[in-house]
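Colleague: One structure follows; several queries about it will come next.
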Amino acid sequence: MTHDELALDLARHLRERTGRIVWTDMQLGPVGSPRPDVYSIEPSYTKFRPIAYEVKVSQSDYRRDITAGKWQTYLPFAAGVVFAAPAGLVERSSLPEGCGLIVRNADGWRTVKAPTLRAIETLPHSAWVKLFIDGMGREADRLIRESRPGLSDEWMARRTVGKKLGSEVSQILVERGYAESRYALETKRLCDAADGMTEEVREHERRIRERVERDAAEIDKVRAELAQALGLPANSSVRSIRAAAESQSYRLSKDGEIQELRHALSMAQRALTGGLSVPALATDGGQTA
Numbered sequence: 181m182t183h184d185e186l187a188l189d190l191a192r193h194l195r196e197r198t199g200r201i202v203w204t205d206m207q208l209g210p211v212g213s214p215r216p217d218v219y220s221i222e223p224s225y226t227k228f229r230p231i232a233y234e235v236k237v238s239q240s241d242y243r244r245d246i247t248a249g250k251w252q253t254y255l256p257f258a259a260g261v262v263f264a265a266p267a268g269l270v271e272r273s274s275l276p277e278g279c280g281l282i283v284r285n286a287d288g289w290r291t292v293k294a295p296t297l298r299a300i301e302t303l304p305h306s307a308w309v310k311l312f313i314d315g316m317g318r319e320a321d322r323l324i325r326e327s328r329p330g331l332s333d334e335w336m337a338r339r340t341v342g343k344k345l346g347s348e349v350s351q352i353l354v355e356r357g358y359a360e361s362r363y364a365l366e367t368k369r370l371c372d373a374a375d376g377m378t379e380e381v382r383e384h385e386r387r388i389r390e391r392v393e394r395d396a397a398e399i400d401k402v403r404a405e406l407a408q409a410l411g412l413p414a415n416s417s418v419r420s421i422r423a424a425a426e427s428q429s430y431r432l433s434k435d436g437e438i439q440e441l442r443h444a445l446s447m448a449q450r451a452l453t454g455g456l457s458v459p460a461l462a463t464d465g466g467q468t469a
């Protein structure tokens, strides 16, 4: 792991395994104030024991820190100082007096030596302001990164580009993000509209189906009545009804009584027609005489 990766890994371990409130690479006050790699406070109302962690990934860096006494600058802000390093890098015997050691191996972090804790009442006002104001922003960023990795990566990329290439390029990326959001919104609206049209088509199909079913029921009713009139069962097929109707029509055309009635009706009609025309002829004859 790199130095920063090791520091983040330690911070994650402290949050998950000890429940401590953790800051990484946080300056404890104004410019020039100490900046421990990892800083943590136990969430307790009665025991104020902040601890500063100095992460080391090389022996040369560790020896240089010990020689310069960098770790001592943390003492006004911490009840104890702990060195954090890969397993085997730092010997317990080489630790400054009072300092602790925690090492990272393949199985995780392991405390080799606990620090000697000193009494500390509180922190300078500037340190509290820095921890809470900047710390809250960093914590929000961390939660975003852990909950939505893709979104946080894009946001971090925009911020990095803004720092390195200027606000104009960063603004272009922001506008691109807005354009993608608008595209997604419009696409959703179109999908919703299509769903609405589909529902309208379904409703139209339902109404047509109901009308067809009503017409079919009416036709079935008429067919049943016709079948019964022809002496057939109500559920007779169309072919049976047609055959019966043709048979009845044929019988009616061949029936003698029907033929005689038709002949009598024809003669009566002719007689009636002739009777109506007689008065007109008589009147004409009288006038001529």
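With the working numbering, the residue at position 80 of the sequence shown is 260, and numbering never jumps. Glycine residues also receive a C-beta, built at the ideal position from the N, C-alpha and C atoms.
Under 9 Å, do residue 231 and residue 262 count as touching if we go by C-beta distance?
Modeller: Yes, the pair counts as a contact, with Cβ atoms nearer than the cut-off.
Colleague: For the candidate residues 250, 391, 418 and 395, whose alpha-carbon lies nearest to that of residue 404?
Modeller: For residue 404, the nearest C-alpha among the options comes from 418.
Colleague: Determine contact between the region 199-213 and the region 261-280, defined as no fewer than three beta-carbon pairs at a distance below 8 Å.
Modeller: No, because fewer than three Cβ pairs between the region 199-213 and the region 261-280 fall closer than 8 Å, the two stretches do not touch.
Colleague: Quick one: Cα of residue 291 to Cα of residue 280, how far?
Modeller: So the two alpha carbons sit approximately 8 Å from each other.
Colleague: Could you please give me the residues that DSSP links to residue 266 through a beta bridge?
Modeller: Beta-bridge pairing links residue 266 to 284.
Colleague: Residue 401 by DSSP, collapsed to three states: which one?
Modeller: Here residue 401 sits in helix by DSSP.
Colleague: Can you tell me whether residue 313 is buried or exposed, with buried defined as 16 or more other CB within 10 angstroms of its CB?
Modeller: Flag for residue 313 reads exposed.
Colleague: Could you check which residue in 412, 293, 283 and 256 has the C-alpha nearest to that of residue 515?
Modeller: Since the first residue of the chain shown is 181 and the last is 469, residue 515 is not available in this structure.
Colleague: Could you give the DSSP three-state label for residue 220: helix, strand or coil?
Modeller: Of the three classes helix, strand and coil, the one that applies to residue 220 here is strand, per DSSP.
Colleague: Any chance the CB of residue 292 is under 8 Å from a heavy atom of the ligand FAD?
Modeller: What this structure holds is no ligand at all, so the ligand FAD is not there to describe.
Colleague: Per DSSP, residue 290 is paired with what?
Modeller: Residue 290 pairs with 283.
Colleague: Between which two residues does the beta strand (DSSP E) holding residue 202 run?
Modeller: Here the beta strand (DSSP E) through residue 202 covers 201-204.
Colleague: Are residue 414 and residue 423 touching if we call contact CB-CB under 9 Å?
Modeller: No, these two residues do not count as a Cβ contact at 9 Å.
Colleague: Which two residues bound the contiguous alpha helix (DSSP H) that contains residue 309?
Modeller: Counting along the chain, the alpha helix (DSSP H) containing residue 309 begins and ends at 305-309.
Colleague: Using CA coordinates, which residue listed in 311, 388 and 265 is at the minimum distance from residue 188?
Modeller: Nearest of 311, 388 and 265 to residue 188, Cα basis: 265.
Colleague: Using 9 Å as the threshold, is the C-beta distance between residue 216 and residue 242 below it?
Modeller: Cβ distance not < 9 Å, so residue 216 and residue 242 don't count as in contact.
Colleague: Quick one: residues in its chain with C-beta nearer than 7 Å to the C-beta of residue 274, no 5 flanking neighbours on either side, listed in chain order?
Modeller: The answer is none, since no qualifying residue turns up.
Colleague: Leaving out five residues on either side along the sequence, give the residues of the same chain with a beta carbon under 7 Å from the beta carbon of residue 190.
Modeller: Only 218, 233, 235, 264 and 289 meet the Cβ criterion.
Colleague: Starting from the C-beta of residue 238, find all residues in its chain whose C-beta is less than 8 Å away, skip the five residues before and the five after it, and write them out in chain order.
Modeller: Closer than 8 Å at Cβ, skipping near neighbours: 269.
Colleague: From 398, 401 and 425, pick the residue whose C-alpha is nearest to that of residue 411; which is it?
Modeller: Answer by Cα proximity: 425.
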